[in-house]
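S.K.: Before anything else, here's the structure in question.
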Amino acid sequence: MDFEGRSHGPHETREAAAMEARNQAQFSAHMNRPSEVLVPDAEGKYWVVWNSRDAGAGVPKPVSVAA
Numbered sequence: 229m230d231f232e233g234r235s236h237g238p239h240e241t242r243e244a245a246a247m248e249a250r251n252q253a254q255f256s257a258h259m260n261r262p263s264e265v266l267v268p269d270a271e272g273k274y275w276v277v278w279n280s281r282d283a284g285a286g287v288p289k290p291v292s293v294a295a
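If you want the working numbering, it's the position in the sequence shown, counting the first as 1, plus 228.
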């Protein structure tokens, strides 16, 4: 996991890394700093899985709803 240019980890799974990234991003959001979490898929494309601009006061909510 990369947080502001510094490496954090390793993590056992991609999901564990994403959860830690969200926790770090929420911490930044509570200090009124825009934050987002991007996670790569198997092909290397990055997806936004959490964004402080849409989360309201650093409380997580889904970026998109599954169909």
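Just so it is clear, CB atoms sit at the ideal spot from N, CA and C, and this is done for glycine as well.
(1) Using only alpha-carbon positions, find the residue among D282, M229 and R234 that is nearest to E243.
(2) Please return the same chain residues whose Cβ sits closer than 6 Å to the Cβ of A249, not counting the five positions on each side in sequence.
(3) Alpha carbon to alpha carbon, what distance is there between T241 and D269?
(4) Provide the residue span of the beta strand (DSSP E) that contains E264, from first to last.
(5) Rounded C-beta distance between Q254 and F231? I'm assuming under 8 Å.
M.R.: Answer, in terms of the structure:
(1) Counted from its first residue, the sequence shown places residue 243 at position 15. Residue M229 is the option with its Cα nearest to E243.
(2) The residue given as residue 249 occupies position 21 in the sequence shown. The beta carbon of A249 sits closer than 6 Å to the beta carbons of M229 and V265 from its chain, once the five residues preceding and following it are set aside; these are given in chain order.
(3) Here the question's residue 269 lines up with position 41 in the sequence shown. Here the question's residue 241 lines up with position 13 in the sequence shown. Approximately 13 Å, taken between the alpha carbons.
(4) Here residue 264 refers to the residue found at position 36 of the sequence shown. First-last of the beta strand (DSSP E) with E264: E264 to P268.
(5) Your numbering for residue 254 matches position 26 in the sequence shown. Your numbering for residue 231 matches position 3 in the sequence shown. Contact between Q254 and F231 is absent: CB atoms are separated by about 12 Å, not below the 8 Å threshold.
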